[in-house]
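Residues in the sequence shown are numbered from 1 upward in steps of one, following UniProt numbering. Here a beta-carbon is modelled for each residue, glycine too, at the ideal position from N, C-alpha and C. To keep things clear, I will list the structure first and then write my remarks on it.
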Amino acid sequence: PQYPGSEIKQIVEYSGLFLGDNAVRTLTGLIEKQHQQAQVICVDNVLALLQRVPGIASLNIIDTQLVENITGHLLRCLAAPV
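Here it is, written out as structure tokens:
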């Protein structure tokens with residue numbers, strides 16, 4: 001059957017593994033959810049969240065490097081969840 005996970009199923013089978021249709025659908029759903037979450041994580045959103053932390057503005061520690069480092073860290077964590 002053709003469904004959104006067909007390509008994933010082919011990739012899994014090419015690697016020498018077999019997953020049933022339910023497992024492939026679950027995997028596909030998890031990948032799609034991960035992709036949606038990654039689209040929300042961006043420099044602008046991280047900066048906005050940092051600026052909402054009470055008292056942080058007075059510390060004058062929010063700079064481009066900090067925002068980029070936190071954004072990159074969040075994206076790496078999302079890409080390799082524990």
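Any idea if residue i is buried or exposed, counting beta-carbon neighbours within 10 angstroms, 16 or more meaning buried?
| i | result |
| --- | --- |
| Lys9 | buried |
| Val53 | exposed |
Using 8 Å for Cβ pairs, my map puts residue i next to residue j. What's the rounded Cβ distance?
| i | j | result |
| --- | --- | --- |
| Ala38 | Leu75 | 6 Å |
| Glu68 | Val43 | 6 Å |
Do you know offhand how far residue i's Cα is from residue j's?
| i | j | result |
| --- | --- | --- |
| Asn45 | Gln51 | 10 Å |
| Leu78 | Ser58 | 30 Å |
| Ile31 | Asp63 | 32 Å |
| Pro1 | Glu7 | At Pro1, the pLDDT of 47 sits below 50, so the modelled position is not reliable and the matter cannot be decided from this model. |
| Ala80 | Gln65 | 22 Å |
| Ile11 | Ile61 | 45 Å |
| Asn22 | Gly29 | 11 Å |
| Leu17 | Ile56 | 49 Å |
| Glu13 | Arg25 | 14 Å |
| Gln34 | Thr71 | 15 Å |
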